[in-house]
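Asker:
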Amino acid sequence: MADKYLIYVACGSAAASAALARRRLIDELDKRKIKAVVEVHRILELPGQVANRKPDVVVVTAGQAPAALPEDVLIVQGIPLMTGFGIDGLVDDMLKTLEERES
Amino acid sequence: MQIIQTILDLGPTIMMPIVLFVMAILFGQKVGKSLRSALMVGVAFIGIFAVLNATLGTIGPAVQALADGLGIETLGTDIGWPVASAITWSFSWAGLIIPIGFVINWILLGLGWTKTFDADIWNYWHWTFTAAMTYIFTDILWLSLVLAIVVEVITLKLGDWTAPITQKYFGIPGTSLPHTETVNWAPFNMAIEKAILSKIPGLQKSKLDPESLRERIGFWGEPMMLGLYIGVLLGVFIWLVSDYSWQIILQLAVAIPALIFLEGRMIGILIDGLTPIVDGVRDVFSKSERFKGREILIGIDAGPIGLSNPASVVVGMIGIVVYLVLTLIIPGYKILPLADLAIVPIYYMFAAAASKGNLWKTFINGTLSSLLLLFVTTSFAEPLTEAAQFVEYGLPAGVLLISSLDVGAHLLPWMIVMPVVGIVIGNTSMIIIPVVIAVLWALAWVYSRDMPEKLAREMDEV
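Line by line, the protein sequences give chains A and B. Residue 1 is where the first sequence starts when you use our numbering, and the numbers rise one by one after that. Residue 1 is where the second sequence starts when you use our numbering, and the numbers rise one by one after that.
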């Protein structure tokens, strides 16, 4: 069993599209049998949430990530989670980077 | 046929899951996943109306008491976009808009009339809303669907047109924002920037940095917290001008955050349930060989883009006060902004794009839009209230009129529905204002047609 990752999906509203992005990410991770906790947070609250409990990855669905995030948190641009196209590549790249960081 | 009608008559909590299940299967999704998702949609519909029932009974009469105290005849309640969209989807034929919208988009792409493939299926509700408003006035289904299609086509064109600057300014390459209620303000925003704001020397340099201001807002700008301020402020007003005792302050301080926060959660559940349809539509599209090698823009939801854009968020916080003050001082606005105050930033997002994030210009430009937005909010209030009754959602006692800022942001549907309906039902007074606005709007679009490209080039040069 793979490691358990903590992933934050950061979105403007944490309502409609964030739910879609989260569901798509979970489905894609399930397919690869990767265990992860995926939480949605609003971009405005992200720095606070990250300081509170540091995730392995922050996926920003759209727009600008807040500048003040710790360097060891992987930031991923998550537009594919909004459009629905290219999610495979996004998740592959994300997992590869995470594995490289661990080794 | 009888059985189909019987099921449709059971209302959205039963009908929508069945319709969506069938649709997910047709789009090639697995049975188990489709069933689970369809059920979630039904659960979400129950949740949306339950939340409204639990909060509107407190909020609605209090708003009316404020109106009485201020000597305003009626003041309806802004129930928020989640409820407005749920009412819209509750029409028995509403589910038809998804396949129709998809097919129309497909045909337009095939003809090369648009570059946008709108993957944001949820927000097809803007077109469903267009149809629902037409239907309430006319009872003519084919006409309702035709107007929905007209709005779709124009919205896709608006998405194409604004794409150069939305991609660049919001940082969303490969996409467009065919999101009626926001992008339909772009012609006015772009024209005002081009004709006026860009020519005022003192406005061109803003020392305020939206990004650092946004960071400072933090959780104080969270929708639930916004609900608290609005609730307390409103409660104090009501306490001062009506028979209510001071407890109303505390009651509204919880009821309004509850409405905003819980409806947001319910929509999250609803969207989770819609995923198989959304992905089914995408799969059909991506398996097609037709559009290979062509430049296709993927249409996405503008909501989260606006709510994460620093300039829109910062100006939107001030906009909340603007919306409330305008409603109370200008006669004729009959809906008190409440639940949708949490998403005011998205009504400033195209003003932000037009000025590339200049806070002063965003504020001026977006505030000009708000004058019209509040007017449309009131204009749609009666048909929306009637629609709620039509789909047998019983409004709590003391609630006479409902609408939402987001409904009022549907400028394009309003400009098209009102004149057509006015002609069909023979009510000429409905026609004039929307037609005048529509002419101005079209002229604004023509006048500013070079703006998105030009703004994008300017951003490259910096």
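Every residue gets a Cβ at the ideal spot worked out from N, C-alpha and C, and that includes glycine.
Taking 7 Å as the cut-off, is the beta-carbon of Leu197 (chain B) closer than that to any non-hydrogen atom of the ligand PLP?
Answerer: The ligand content of the structure shown is nil, which means the ligand PLP is not present either.
Asker: If we call anything under 8 Å between Cβ atoms a contact, is Asn309 (chain B) one with Phe170 (chain B)?
Answerer: Walking along the second sequence from the start, residue 309 (chain B) turns up at place 309. Walking along the second sequence from the start, residue 170 (chain B) turns up at place 170. In this structure, Phe170 (chain B) lies closer than 8 Å to Asn309 (chain B) by Cβ.
Asker: Name the residues in the segment 12-29 of chain A whose C-beta lies less than 9 Å from a C-beta of chain B; which are they?
Answerer: Result list: Gly12, Ser13, Ala14, Ala15, Ala16, Ser17, Ala18, Ala19, Leu20, Ala21, Arg22, Arg23, Arg24 and Asp27.
Asker: Check whether the segment 344-357 of chain B and the segment 318-325 of chain B are in contact - that is, three or more C-beta pairs closer than 8 Å.
Answerer: Output reads yes: the segment 318-325 of chain B touches the segment 344-357 of chain B.
Asker: Go through its chain and collect everything with a Cβ distance to Gly101 (chain B)'s Cβ below 7 Å, but skip five positions before and after it.
Answerer: Here residue 101 (chain B) refers to the residue found at position 101 of the second sequence. Within the same chain, Gly101 (chain B) has close Cβ partners Tyr124, Trp127 and Glu152.
Asker: Are the Cβ atoms of Leu56 (chain B) and Pro396 (chain B) separated by less than 8 Å?
Answerer: Residue numbering aside, residue 56 (chain B) sits at position 56 when the second sequence is read from its first letter. Residue numbering aside, residue 396 (chain B) sits at position 396 when the second sequence is read from its first letter. Yes; because the gap between Cβ atoms is below 8 Å, this pair is in contact.
Asker: By the criterion of Cβ-Cβ separation under 9 Å, what are the contact partners of Ala36 (chain A) in chain B?
Answerer: Looking up residue 36 (chain A) in the first sequence gives position 36. Those do not exist, as Ala36 (chain A) stays about 17 Å from chain B at its closest Cβ, beyond 9 Å.
Asker: Just tell me which of B:Val376, B:Gly398 and B:Leu401 has its CA closest to the CA of Pro434 (chain B).
Answerer: By 1-based counting over the second sequence, the position of residue 434 (chain B) is 434. Closest option to Pro434 (chain B), Cα to Cα, is B:Val376.
Asker: Compare the C-beta of Gly84 (chain A) against all C-beta atoms of chain B and say whether one is closer than 8 Å.
Answerer: In the first sequence, the residue the question calls residue 84 (chain A) occupies position 84. By this cut-off, Gly84 (chain A) is an interface position.
Asker: If distances are taken between C-alpha atoms only, which option among B:Gly268, B:Val146 and B:Ala148 comes closest to Gly42 (chain B)?
Answerer: As a position in the second sequence, residue 42 (chain B) is number 42, starting the count at 1. Of the listed residues, the one whose Cα sits closest to Gly42 (chain B) is B:Gly268.
Asker: What's the C-alpha gap between Ala163 (chain B) and Gly332 (chain B)?
Answerer: By one-based count along the second sequence, residue 163 (chain B) stands at place 163. By one-based count along the second sequence, residue 332 (chain B) stands at place 332. Those two C-alpha atoms are separated by around 35 Å.
Asker: Closer than 7 Å, Cβ to any Cβ of chain A: which residues of the segment 270-302 of chain B, in chain order?
Answerer: Listed by position, the residues of the segment 270-302 of chain B near chain A (Cβ gap below 7 Å) are Ile271, Asp272, Thr275, Val278, Asp279, Arg282, Ser286, Ile298, Ile300 and Asp301.
Asker: Bridge partners for Gln49 (chain A) per DSSP, in chain order?
Answerer: Walking along the first sequence from the start, residue 49 (chain A) turns up at place 49. Beta-bridge pairing links Gln49 (chain A) to no other residue.
Asker: Do we get a CB-CB distance below 8 Å when we pair Ile7 (chain A) with the residues of chain D?
Answerer: Of the protein chains in this structure, namely A and B, none is chain D.
Asker: State the beta-bridge partners of Leu252 (chain B) as determined by DSSP.
Answerer: Stepping through the second sequence from its first residue, residue 252 (chain B) is reached at position 252. Leu252 (chain B) pairs with nothing; no bridge assigned.
Asker: Ala438 (chain B): which of B:Leu455, B:Lys454, B:Val424 and B:Val420 sits nearest, CA to CA?
Answerer: Within the second sequence, the letter at position 438 stands for residue 438 (chain B). For the residues B:Leu455, B:Lys454, B:Val424 and B:Val420, the minimum Cα distance to Ala438 (chain B) belongs to B:Val420.
Asker: Decide if Thr74 (chain B) is buried, meaning its Cβ has at least 16 other Cβ atoms within 10 Å, or exposed.
Answerer: Numbered from its first residue, the second sequence carries residue 74 (chain B) at position 74. It counts as exposed.
Asker: When burial is assigned at 16 or more other CB atoms within 10 Å of the CB, is Gly89 (chain A) buried or exposed?
Answerer: As a working mapping, residue 89 (chain A) is identified with position 89 in the first sequence. Gly89 (chain A) comes out exposed.
Asker: Could you tell me whether the Cβ of Ile79 (chain A) comes closer than 8 Å to any Cβ of chain B?
Answerer: Indexing the first sequence from 1 puts residue 79 (chain A) at position 79. Yes, contact with chain B.
Asker: Nearest chain A C-beta to Gly218 (chain B) closer than 8 Å, yes or no?
Answerer: Counted from its first residue, the second sequence places residue 218 (chain B) at position 218. Output row for Gly218 (chain B): interface = yes.
Asker: Can you grab the Cα-Cα spacing for the pair Gly408 (chain B) / Glu461 (chain B), in whole Å?
Answerer: Along the second sequence, read from residue 1 onward, the residue named residue 408 (chain B) stands at position 408. Along the second sequence, read from residue 1 onward, the residue named residue 461 (chain B) stands at position 461. Each residue's alpha carbon lies about 37 Å from the other.
Asker: Give the straight-line distance between the Cα atoms of Trp239 (chain B) and Leu70 (chain B), rounded to the nearest whole angstrom.
Answerer: For this step, residue 239 (chain B) is matched to residue 239 along the second sequence. For this step, residue 70 (chain B) is matched to residue 70 along the second sequence. Cα to Cα, the separation comes out at about 12 Å.
Asker: Give, in chain order, every residue of the segment 301-326 of chain B whose Cβ lies closer than 8 Å to some Cβ of chain A.
Answerer: Within the segment 301-326 of chain B, the residues whose Cβ lies closer than 8 Å to some Cβ of chain A are Asp301, Gly303, Pro304, Ile305, Gly306, Leu307, Ser308, Asn309, Pro310 and Val313, listed in chain order.
Asker: Whole angstroms is fine: what's the gap from Thr6 (chain B)'s alpha carbon to Ser92 (chain B)'s?
Answerer: Position 6 of the second sequence, counted from the first residue, corresponds to residue 6 (chain B). Position 92 of the second sequence, counted from the first residue, corresponds to residue 92 (chain B). Cα to Cα, the separation comes out at about 11 Å.
Asker: Please compile the residues from chain B whose C-beta is within a distance smaller than 8 Å of the C-beta of Ala62 (chain A).
Answerer: On the first sequence, residue 62 (chain A) is found 62 positions in, with the first residue counted as 1. Phe170, Gly171, Ile172, Ile300, Pro304, Ile305 and Ser308, listed in chain order.
Asker: Quick check: the Cα distance between His179 (chain B) and Ser103 (chain A), rounded to an integer number of angstroms?
Answerer: The residue you call residue 179 (chain B) lines up with position 179 of the second sequence. The residue you call residue 103 (chain A) lines up with position 103 of the first sequence. Rounded to whole angstroms, His179 (chain B) to Ser103 (chain A) spans 44 Å at the Cα level.
Asker: Is the separation between the beta-carbon of Thr182 (chain B) and that of Ala342 (chain B) shorter than 8 Å?
Answerer: Working through the second sequence from its first residue, we reach residue 182 (chain B) at position 182. Working through the second sequence from its first residue, we reach residue 342 (chain B) at position 342. Contact flag unset, no.
Asker: For Gly112 (chain B) and Thr83 (chain A), what's the separation of their Cα atoms in angstroms?
Answerer: Position 112 of the second sequence holds residue 112 (chain B). Position 83 of the first sequence holds residue 83 (chain A). Rounded to whole angstroms, Gly112 (chain B) to Thr83 (chain A) spans 20 Å at the Cα level.
Asker: By the criterion of Cβ-Cβ separation under 9 Å, what are the contact partners of Trp122 (chain B) in chain A?
Answerer: In the second sequence, residue 122 (chain B) corresponds to position 122, counting from 1. The contacting residues are Ala16, Ser17 and Leu20.
Asker: Name the residue from B:Val424, B:Met418 and B:Gly426 whose alpha carbon lies nearest to the alpha carbon of Val436 (chain B).
Answerer: Looking up residue 436 (chain B) in the second sequence gives position 436. Here the closest residue by C-alpha is B:Met418.
Asker: Taking just the CA atoms, how far does Lys33 (chain A) sit from Leu25 (chain A)?
Answerer: Here residue 25 (chain A) refers to the residue found at position 25 of the first sequence. Here residue 33 (chain A) refers to the residue found at position 33 of the first sequence. Between Leu25 (chain A) and Lys33 (chain A), the C-alpha separation is close to 12 Å.
Asker: Taking all protein chains shown into account, do 16 or more other C-beta atoms lie within 10 angstroms of the C-beta of Phe85 (chain A), making it buried, or fewer, making it exposed?
Answerer: Position 85 of the first sequence holds residue 85 (chain A). Result: buried.
Asker: Can Tyr393 (chain B) and Ile140 (chain B) be called in contact, C-beta distance under 8 Å?
Answerer: Residue mapping note: residue 393 (chain B) aligns to position 393 of the second sequence, counting from 1. Residue mapping note: residue 140 (chain B) aligns to position 140 of the second sequence, counting from 1. No, these two residues do not count as a Cβ contact at 8 Å.
Asker: Can you tell me the Cα-Cα spacing of Met1 (chain A) and Ala36 (chain A), whole angstroms?
Answerer: Looking up residue 1 (chain A) in the first sequence gives position 1. Looking up residue 36 (chain A) in the first sequence gives position 36. Because the pLDDT at Met1 (chain A) is just 47, under 50, the model does not fix this residue reliably, and the value given afterwards should be weighed accordingly. Cα to Cα, the separation comes out at about 11 Å.
Asker: By DSSP, does Glu39 (chain A) sit in helix, in strand, or in coil?
Answerer: By one-based count along the first sequence, residue 39 (chain A) stands at place 39. Three-state result, Glu39 (chain A): strand.
Asker: Identify the contact partners of Gly264 (chain B) in chain A, using a Cβ-Cβ distance below 9 Å as the criterion.
Answerer: Indexing the second sequence from 1 puts residue 264 (chain B) at position 264. Within 9 Å Cβ-Cβ: Ser13, Ala14, Ala15 and Ala16.
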